[in-house]
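Written below as structure tokens is the structure these notes are about.
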Amino acid sequence: MPELPDVEGFRKVLESCVKGRVVQRVEVRDAGVLHGVSARRLREALEGRRFTEPERHGKWLLARTGGPTLVLHFGMTGQLVCARPDDAVEAHDRVLFTVARDRQLRYRDQRKLQGLWLAEEELEVARLLDGQGPDAMAVDRAEFESALAARRGSVKTVLTDQSVLAGLGNLLADEILWRARLRPANRASDLTESDRRRLYTQMRRTLRSAVTAGCVPPRDSWLTGHRDDPDPACPRCGTSLRRSRMAGRGTVWCPRCQPDGA
DNA sequence: AGATATGTTCATCC
DNA sequence: TGGATGAACATATC
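Numbering (our numbering), first residue to last: 5 to 266.
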């Protein structure tokens, strides 16, 4: 699930569910999601602290407290849900944060590919986010264009490289490239000035809608709405979509709308 | 049984 | 050094 729009949705969950509230109890049900911190230390560090304004960078989420910062990454299946303490605990609820008699934040994750970190100080936050490129939502046109121009790899690989641009995942990259009419395998450094401008514009538009939806919506008019069709057709021109694999990730594109570069 | 899945990291080869 | 590829991580579903 989680790409930038999903994580932005989780940031809003933090904002509405726990911001301004004091952590009353931390319950670690599966310490396998903790990185570099014990369940005991996590509890000691957070119980009694008040959550402040949460932040997001790319696919990383920072739950700040004024003291230590809880840093979250959701891998492919993680999510953050606002529940009530007496709601039944689900199989994949890994850590529970009770912040009121009727409010409990839950880190839920099936596959445990990523998880939670505790940054005791700002320097550790910086260390965890070290190597992340500019956030895809916040990057300006000039920065975006120069980041792309400097890379020789395929444009899809570059878009999903978190050290170039933070936040885009597999679905978003395919969606944006389809809207910008660029073939994923084209080299980023071969894009023309107008290709790059179009790509930036479409990235913004796509992100705006997806953030509103809280995910990359599988709408009929979007490429993403057809990824799982048995014989997918381009929602724009009806041509059969092509599938391939790039850097180990399933890639979908329209051979007609997204012409071979060069 | 095997392939696939929205992520990241590490090893390896060119 | 960059870039491409594949495996690994853990688990569910088609």
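Note that the Cβ used here is the ideal one computed from N, Cα and C, for glycine as well.
In this model, R25 and R68 are separated by some 12 Å (Cα to Cα). Ranked by Cα distance from D165, the first of S193, G135, E147 and A142 is G135. R183 sits in a helix when the DSSP states are folded into three classes.
In the DSSP assignment, F101 is bridged to V30 and L109.
Within the DSSP secondary-structure output, G265 pairs in no beta bridge. Inclusion of S225 and P239 in the CB contact set at 7 Å is warranted, their separation being smaller than that value. Following the DSSP letters along the chain, one finds Q206 inside the alpha helix (DSSP H) bounded by residues E197 to A217.
DSSP, read as helix, strand or coil, puts R60 in strand. Assigned with DSSP and collapsed to three states, C21 falls in helix. Beyond the five residues adjoining it in sequence on each side, V11 comes within less than 6 Å, by CB distance, of R60, K63 and L65 in the same chain, given in chain order. The three-state reading of DSSP puts A67 in strand, counting E and B together.
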